[in-house]
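Peer 1: Protein chains in written order, with our numbering: chain A, 915 to 1174; chain B, 195 to 422.
Let me begin by handing over the structure; questions about it come next.
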Amino acid sequence: MTSSPAKKRIGIMVVAYNAINTLASTINRIPQDVMSKIEEVFVLDDNSHDLTYETALEYKKVKSLDKLQIFRNEKNLKYGGNQKKGYRYAIDKGLDIVALLHGDGQYAPEIINTLLEPIEKGEADLVMGSRMTKAHNPIHGGMPLYKFFGNKILTFLENKALNMSLSEFHSGYRVYNCHALKKVPFEKCSNDWHFDTDIIIQFKEKGLSVLERPIPTYYGNEICYVNGIAYAFHCLESVVKYRLHKAGLVNIAKFKINEQ
Amino acid sequence: MNNNNYSLKTFRYSSHYRIFKLLEKATASSRILEVGIANGFIGKHIKSKGFEIIGIEKNISSIKQASEYYKEIIAIDLNKDCIPSLKPFVFIILADILEHLEEPAHILKKMQDLLKDGGKIIISVPNIANWTIRMKLAFGNFNYQDKGILDIGHLRFFTLKTAKDMIKNSGLEMTEFYSTPIPLQFIIKPRFIAWMMNEVYYAFTKLFPNFFAYQFVFIVNKKERGTD
């Protein structure tokens, strides 16, 4: 954890896949004060089938936003692969902090500061926005009941396996300390949706601090490319493999942290 | 056929719920086309949003009832008349209409000419392979009803596969797909129980859409890039 009083260099990374209808408004919703303090917003279009990339370029032109960078992947890297590319970019650029925002507008950009602040103050290495706290009722926010219970059960098992006490592992609204990211082999995590679980395991293994902040839930017509059952299975597979790795029974490259 | 049999289904995961969720992405001046407006309950529900909403409807008395909720209603019968050329739309709503048409695939193709680049078409069709229909058939029954999956006005029937094939063959690309639960709210009155049953039923439709879905909802757009 760095605690220098110097102004932190912050980037907001927007991952987008077929988000033509939501991307521009998502960027637009980032508060002005946040916009002025950050160094860059970079959009990673993961080879969308629709005109997400072109729409983003158009938005940049119309708004003449110098701080907005737009990249398009030559091939579809998937959710985890896309994040890896973005974090590498942030680290190479020398940023101190990188925030992950979804281009589908599922997570409210308006409250991004509540997630940024603990990292800026050096209080944590990873801050996750949690939908599953007492502060906001996720079911009122449109979360289907089966997803609520699925999340609860999965989180319970993951907490037990990792000896953690998070309210959820599955939120995609996160802010990372880049210096902490550098310390873990995040490029060995899954390219799939359970990248988000893998990286928590790596942070835990490395002894980095993970903090939660309550966020409201918003389910629109969520463009749900996630197959819930396969996703749950992959998350559990990761934590089980981690336990086996810790017990010395198997050797999993992504959980070999201290050799870095 | 009496259009007053059709009404708004506002409960969670219904086809109308999906339509209104989609329209949250619309801006005040968005041009929307609704095909088969019946007595205009969708237009009535979103009137306050200020969209420029155009309707297509064949039934003259329905048009009279609905006229105040739409900017314009075009009185044509899609089974007989040609679709006039109109300025393109950002959203086209085909809610429970394709099954009433003789040539649904043809109309679906035609709709693309009315769709703006980057625009979306939302389609809902009833699922003929729903378990209630399978049960009835197992006992040798196939009776038309006033409403529902075997509505007397239905000319075409779809399973998940045939509905998807129709969309694909029309040159459209599906971006979102949802199953809707049986409208239990119309059957079960205590609100909490109905809500709970709806949530549980929805989980079943996620697992086995072919068997449990009441309708299928598709959000589609024109193919813009190669098919790779």
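Even glycine gets a Cβ: it sits at the ideal position worked out from N, Cα and C.
As the structure is a computational prediction, the values presented were derived from the model and not from experiment.
Measure the CB-CB distance between residue 393 of chain B and residue 1130 of chain A and report whether it falls below 8 Å.
Peer 2: For the purposes of this step, residue 393 of chain B is identified with residue 199 of the second sequence, where counting begins at 1. For the purposes of this step, residue 1130 of chain A is identified with residue 216 of the first sequence, where counting begins at 1. Contact: no.
Peer 1: I want to verify the contact list: residues of chain B whose CB lies under 7 Å from the CB of residue 1016 of chain A, in sequence order.
Peer 2: Start at 1 with the first residue of the first sequence, and residue 1016 of chain A comes out as number 102. In chain order: nothing, as chain B lies at least about 15 Å away.
Peer 1: Mapping DSSP to helix, strand and coil, what is residue 366 of chain B?
Peer 2: Locating residue 366 of chain B in the second sequence gives position 172, counting from the first residue. Strand at residue 366 of chain B.
Peer 1: Report yes or no: is there a C-beta of chain B within less than 8 Å of the C-beta of residue 934 of chain A?
Peer 2: Stepping through the first sequence from its first residue, residue 934 of chain A is reached at position 20. At least one chain B Cβ lies under 8 Å of residue 934 of chain A.
Peer 1: Since residue 1133 of chain A is in the alpha helix (DSSP H), which residue starts that stretch and which ends it?
Peer 2: Here residue 1133 of chain A refers to the residue found at position 219 of the first sequence. No alpha helix (DSSP H) holds residue 1133 of chain A; DSSP gives it neither H nor E.
Peer 1: For residue 340 of chain B, count the other beta carbons within 10 Å of its own beta carbon; 16 or more makes it buried, fewer makes it exposed. Which is it?
Peer 2: Numbered from 1 along the second sequence, position 146 holds the residue referred to as residue 340 of chain B. By the neighbour-count rule (16 or more Cβ atoms within 10 Å), residue 340 of chain B is not buried but exposed.
Peer 1: For residue 268 of chain B versus residue 260 of chain B, is the C-beta distance shorter than 8 Å?
Peer 2: Indexing the second sequence from 1 puts residue 268 of chain B at position 74. Indexing the second sequence from 1 puts residue 260 of chain B at position 66. Going by C-beta atoms, residue 268 of chain B is not nearer than 8 Å to residue 260 of chain B.
Peer 1: Please list, in chain order, the residues of the segment 1059-1091 of chain A that have any C-beta partner in chain C closer than 8 Å.
Peer 2: This model lacks chain C altogether; the protein chains it does include are A and B.
Peer 1: Report the residue from A:928, A:1027, A:1092, A:1045 whose alpha carbon sits nearest the alpha carbon of residue 1133 of chain A.
Peer 2: By 1-based counting over the first sequence, the position of residue 1133 of chain A is 219. Cα-wise, what sits closest to residue 1133 of chain A is A:1045.
Peer 1: Who are the neighbours of residue 415 of chain B on chain A, taking C-beta pairs under 7 Å?
Peer 2: Counted from its first residue, the second sequence places residue 415 of chain B at position 221. For the C-beta of residue 415 of chain B, the chain A residues within less than 7 Å are, from N- to C-terminus, 964.
Peer 1: Does any CB atom of chain B fall closer than 8 Å to the CB of residue 917 of chain A?
Peer 2: Here residue 917 of chain A refers to the residue found at position 3 of the first sequence. With a pLDDT of 48 at residue 917 of chain A, under the threshold of 50, the modelled position of this residue cannot be trusted, and the question is left open.
Peer 1: Strictly under 8 Å for the Cβ-Cβ distance: is residue 399 of chain B near chain A by that measure?
Peer 2: As a first step, residue 399 of chain B must be located in the second sequence, where it is residue number 205. Cβ-Cβ to chain A under 8 Å: no for residue 399 of chain B.
Peer 1: Entirely within the segment 320-399 of chain B and at least 3 residues each: give me those beta strand (DSSP E) ranges in chain order.
Peer 2: 366-374
Peer 1: For residue 1041 of chain A, write down the residues that DSSP places opposite it in a beta bridge.
Peer 2: Counted from its first residue, the first sequence places residue 1041 of chain A at position 127. Per DSSP, A:1089, A:1125.
Peer 1: Kindly indicate which three-state DSSP category residue 917 of chain A falls into: helix, strand or coil?
Peer 2: On the first sequence, residue 917 of chain A is found 3 positions in, with the first residue counted as 1. With a pLDDT of 48 at residue 917 of chain A, under the threshold of 50, the predicted position of this residue should be treated as unreliable, though the coordinate-derived value follows. Note: residue 917 of chain A maps to coil in three-state DSSP.
Peer 1: Is residue 950 of chain A buried or exposed, if buried means 16 or more other CB atoms sit within 10 Å of its CB?
Peer 2: One-based indexing of the first sequence puts residue 950 of chain A at position 36. Exposed, since its Cβ has fewer than 16 Cβ neighbours within 10 Å.
Peer 1: Just to make sure I have the definition right: I need the residues of chain A whose C-beta is within less than 9 Å of the C-beta of residue 396 of chain B. Which are they?
Peer 2: To locate residue 396 of chain B, count along the second sequence from 1; it is residue 202. Neighbours of residue 396 of chain B on chain A, chain order: 1058, 1059, 1060.
Peer 1: Please confirm whether residue 404 of chain B has its beta-carbon closer than 8 Å to some beta-carbon of chain A.
Peer 2: Position 210 of the second sequence, counted from the start, is the residue given in the question as residue 404 of chain B. No, no contact with chain A.
Peer 1: Pull up the CB-CB distance for residue 1080 of chain A and residue 1073 of chain A, whole angstroms please, since I reckon it's below 8 Å.
Peer 2: Taking the first sequence and counting its residues from 1, the one referred to as residue 1080 of chain A is at position 166. Taking the first sequence and counting its residues from 1, the one referred to as residue 1073 of chain A is at position 159. For residue 1080 of chain A against residue 1073 of chain A, the beta-carbon gap comes to about 6 Å, under 8 Å, which counts as contact.
Peer 1: Tell me which residues share the same chain as residue 363 of chain B and place their Cβ nearer than 7 Å to its Cβ, disregarding the 5 neighbours each side in the sequence.
Peer 2: One-based indexing of the second sequence puts residue 363 of chain B at position 169. Counting only Cβ-Cβ distances below 7 Å, and skipping sequence neighbours, we find 299.
Peer 1: In or out: residue 957 of chain A buried (at least 16 other Cβ within 10 Å) or exposed?
Peer 2: As a position in the first sequence, residue 957 of chain A is number 43, starting the count at 1. Within a 10 Å sphere around the beta-carbon of residue 957 of chain A sit 16 or more other beta-carbons, which makes this residue buried.
Peer 1: Indicate whether residue 1076 of chain A and residue 1150 of chain A have their beta-carbon atoms separated by less than 8 Å.
Peer 2: For the purposes of this step, residue 1076 of chain A is taken as the residue at position 162 of the first sequence. For the purposes of this step, residue 1150 of chain A is taken as the residue at position 236 of the first sequence. Contact flag unset, no.
Peer 1: In the structure shown, what three-state DSSP assignment does residue 1081 of chain A receive?
Peer 2: Within the first sequence, residue 1081 of chain A is the residue found at index 167, counting from 1. In the structure shown, residue 1081 of chain A sits in coil (DSSP, three-state: anything other than H, G, I, E or B).
Peer 1: Does any C-beta atom of chain A lie closer than 8 Å to the C-beta of residue 367 of chain B?
Peer 2: As a working mapping, residue 367 of chain B is identified with position 173 in the second sequence. True, the Cβ-Cβ gap to chain A drops below 8 Å.
Peer 1: If distances are taken between C-alpha atoms only, which option among B:376, B:347, B:414, B:231 comes closest to residue 357 of chain B?
Peer 2: For the purposes of this step, residue 357 of chain B is taken as the residue at position 163 of the second sequence. It is B:414 whose Cα lies nearest to the Cα of residue 357 of chain B.
Peer 1: For residue 916 of chain A, I'd like the list of residues in its chain whose CB is within less than 8 Å of its CB, leaving aside the five on either flank, ordered along the chain.
Peer 2: Residue mapping note: residue 916 of chain A aligns to position 2 of the first sequence, counting from 1. Caution is warranted here: a pLDDT of 48 is assigned to residue 916 of chain A, below 50, making its placement in the model unreliable, and the coordinate value is therefore given only provisionally. Around residue 916 of chain A: 1010, 1036, 1091, 1093.
Peer 1: In whole angstroms, what is the alpha-carbon distance linking residue 1162 of chain A and residue 1117 of chain A?
Peer 2: Against the first sequence, residue 1162 of chain A aligns to sequence position 248. Against the first sequence, residue 1117 of chain A aligns to sequence position 203. The alpha-carbon atoms of residue 1162 of chain A and residue 1117 of chain A are separated by roughly 19 Å.
Peer 1: Going along the chain, which residues of its own chain have a beta-carbon closer than 6 Å to the beta-carbon of residue 985 of chain A, five neighbours each way excluded?
Peer 2: Within the first sequence, residue 985 of chain A is the residue found at index 71, counting from 1. Cβ contact annotation for residue 985 of chain A (same chain, cutoff 6 Å, sequence separation greater than five): 958, in chain order.
Peer 1: Taking the alpha carbon of residue 1155 of chain A as the point to measure from, which residue in A:987, A:1121, A:1111 has its own alpha carbon closest?
Peer 2: Start at 1 with the first residue of the first sequence, and residue 1155 of chain A comes out as number 241. Here the closest residue by C-alpha is A:1111.
Peer 1: With DSSP run on the structure shown, which of helix, strand or coil describes residue 404 of chain B?
Peer 2: The residue labelled residue 404 of chain B in the question sits at position 210 within the second sequence. Of the three classes helix, strand and coil, the one that applies to residue 404 of chain B here is helix, per DSSP.
Peer 1: Mapping DSSP to helix, strand and coil, what is residue 212 of chain B?
Peer 2: As a working note, residue 212 of chain B is residue 18 in the second sequence. Of the three classes helix, strand and coil, the one that applies to residue 212 of chain B here is helix, per DSSP.
Peer 1: If you run the structure through DSSP and keep just helix, strand and coil, what is residue 228 of chain B?
Peer 2: If you number the second sequence from 1, residue 228 of chain B lands on position 34. Residue state, collapsed to three classes: strand.
Peer 1: To the nearest angstrom, how far is the alpha carbon of residue 386 of chain B from that of residue 379 of chain B?
Peer 2: In the second sequence, residue 386 of chain B corresponds to position 192, counting from 1. In the second sequence, residue 379 of chain B corresponds to position 185, counting from 1. Going from the Cα of residue 386 of chain B to the Cα of residue 379 of chain B covers about 10 Å.
Peer 1: State the CB to CB distance for the pair residue 351 of chain B and residue 373 of chain B, rounded to an integer number of angstroms; the pair is presumed to be in contact (CB under 8 Å).
Peer 2: Numbered from 1 along the second sequence, position 157 holds the residue referred to as residue 351 of chain B. Numbered from 1 along the second sequence, position 179 holds the residue referred to as residue 373 of chain B. Their Cβ separation, rounded to whole angstroms, is 16 Å, which puts residue 351 of chain B and residue 373 of chain B out of contact at 8 Å.
Peer 1: State the beta-bridge partners of residue 409 of chain B as determined by DSSP.
Peer 2: Counting from 1 along the second sequence, the entry for residue 409 of chain B is found at position 215. Paired residues: B:320, B:374.
Peer 1: What residues of chain A sit near residue 262 of chain B, judged by a beta carbon separation below 8 Å?
Peer 2: As a position in the second sequence, residue 262 of chain B is number 68, starting the count at 1. Neighbours of residue 262 of chain B on chain A: none; closest Cβ ~28 Å, over 8 Å.
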